[in-house]
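Enquirer:
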Amino acid sequence: MKKFVACVAAVLLCGSAVIAAELKSGLEVGEGVNAFYVQDVTGPSAGKDPLCYRCQYGKRPVVAIFTRKMDDKVAALVKEIDSKVAKNGDKKMAAFVVVLSDDPAANEAKLKELAKKEGIKIPLTTFENAAGPEDYKINKEAEVTVMSWVNSKVKVTHAFAAGKLNEAGIKAVVTDTAKILE
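If you use this note's numbering, the sequence shown corresponds to residues 1173 to 1354, in order.
1. Would you mind sorting Ala1340 into buried or exposed? The rule is 16 or more other CB atoms within 10 Å of its CB.
2. Between the alpha carbons of Ala1247 and Asp1212, how many angstroms are there, rounded?
3. For Trp1321 versus Val1234, is the C-beta distance shorter than 8 Å?
4. Using 10 angstroms around the beta-carbon of Pro1295, count the other beta-carbons present and answer buried if the total reaches 16, otherwise exposed.
5. Entirely within the segment 1185-1231 and at least 3 residues each: give me those beta strand (DSSP E) ranges in chain order.
6. I need the DSSP call for Glu1306, collapsed to helix, strand or coil.
7. Where does Glu1313 land, buried or exposed, given buried means 16+ other C-beta within 10 angstroms?
8. Give the DSSP-derived three-state secondary structure of Lys1325 in the structure shown.
9. Of the residues Ala1281, Asp1254 and Phe1268, which one's Cα is nearest the Cα of Cys1227?
10. Could you give the C-beta distance for Gly1204 and Tyr1308, rounded to a whole number, given that I count them as a contact under 8 Å?
11. Looking at Ala1303 and Ile1310, is the spacing between their C-beta atoms short of 8 Å?
12. Got a sec? Which residues, its chain only, sit under 6 Å from Asp1221 by beta carbon, not counting five neighbours each side?
13. Would you list the one or two residues that DSSP bridges to Val1246?
14. My assumption, with CB atoms under 8 Å, is that Val1316 sits in contact with Phe1332. Please give the rounded CB distance.
15. Name the DSSP beta bridge partners of Ala1318, please?
16. Exposed or buried, which one is Gly1215 when buried takes at least 16 other CB atoms within 10 Å?
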């Protein structure tokens, strides 16, 4: 019986360790955001030279969604953030999406179609390197990394492994935008 109890305790402890080891990706809270350049696909600079949205948005409250794949769940997150930006125009909230890819041109048609179909106003962009901007510490295991900042300092980061973005995750990201709107 003692061995059985010890085995159950060991399993519970191991399970707790796995739960506690959440995926970390992106800058830590309080870190500054550096410049990086993207190719705008659907925003006001679409088809022009690469630009730095982080630079353009300056000290404004910003949500940056970095993704390696644009699927239905990521599209749902983008729609929710787009809606949040529209509702917070008075606070000059901004957002943009960065598709991380070694072949960014392959994503352009899908991004244009998504923006048109869903009426998305925030810029959908590409970054030529699936690893993402080096300074941004995007974990290779993260399919989606969301960083929200204001005054050029990160206030909150969310990371999702492949296939792990769900309704609860989307709700958490949207709810946490309050931290950059205070």
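Every residue gets a Cβ at the ideal spot worked out from N, C-alpha and C, and that includes glycine.
The structure presented is a predicted model; accordingly, all values stated were derived computationally and were not measured.
Expert: According to the structure data:
1. By 1-based counting over the sequence shown, the position of residue 1340 is 168. Label assigned to Ala1340: exposed.
2. Position 75 of the sequence shown, counted from the start, is the residue given in the question as residue 1247. Position 40 of the sequence shown, counted from the start, is the residue given in the question as residue 1212. Each residue's alpha carbon lies about 17 Å from the other.
3. On the sequence shown, residue 1321 is found 149 positions in, with the first residue counted as 1. On the sequence shown, residue 1234 is found 62 positions in, with the first residue counted as 1. Yes, they are a contact pair.
4. In the sequence shown, residue 1295 corresponds to position 123, counting from 1. It counts as buried.
5. none
6. By 1-based counting over the sequence shown, the position of residue 1306 is 134. Glu1306: helix per DSSP, three-state reduction.
7. Along the sequence shown, read from residue 1 onward, the residue named residue 1313 stands at position 141. It counts as exposed.
8. Position 153 of the sequence shown, counted from the first residue, corresponds to residue 1325. Strand, per DSSP.
9. What you label residue 1227 is simply residue 55 of the sequence shown in a count that begins at 1. With distances taken between Cα atoms, Cys1227 lies closest to Phe1268.
10. Residue numbering aside, residue 1204 sits at position 32 when the sequence shown is read from its first letter. Residue numbering aside, residue 1308 sits at position 136 when the sequence shown is read from its first letter. 11 Å between Cβ atoms; not a contact.
11. Locating residue 1310 in the sequence shown gives position 138, where the first residue counts as 1. Locating residue 1303 in the sequence shown gives position 131, where the first residue counts as 1. In contact: Ile1310 and Ala1303 (Cβ atoms closer than 8 Å).
12. Here residue 1221 corresponds to residue number 49 of the sequence shown, with the count starting at 1. Excluding sequence neighbours, Asp1221 sits near nothing in its chain.
13. The residue you call residue 1246 lines up with position 74 of the sequence shown. Answer is none; Val1246 lacks a bridge partner.
14. As a position in the sequence shown, residue 1316 is number 144, starting the count at 1. As a position in the sequence shown, residue 1332 is number 160, starting the count at 1. Sure, about 4 Å apart at Cβ, within 8 Å.
15. Residue mapping note: residue 1318 aligns to position 146 of the sequence shown, counting from 1. Here residue 1318 is Val; the residue named in the question, Ala, does not match the sequence. Val1318 pairs with Ile1237 and His1330.
16. Start at 1 with the first residue of the sequence shown, and residue 1215 comes out as number 43. The residue is buried, with at least 16 neighbouring Cβ atoms inside 10 Å.
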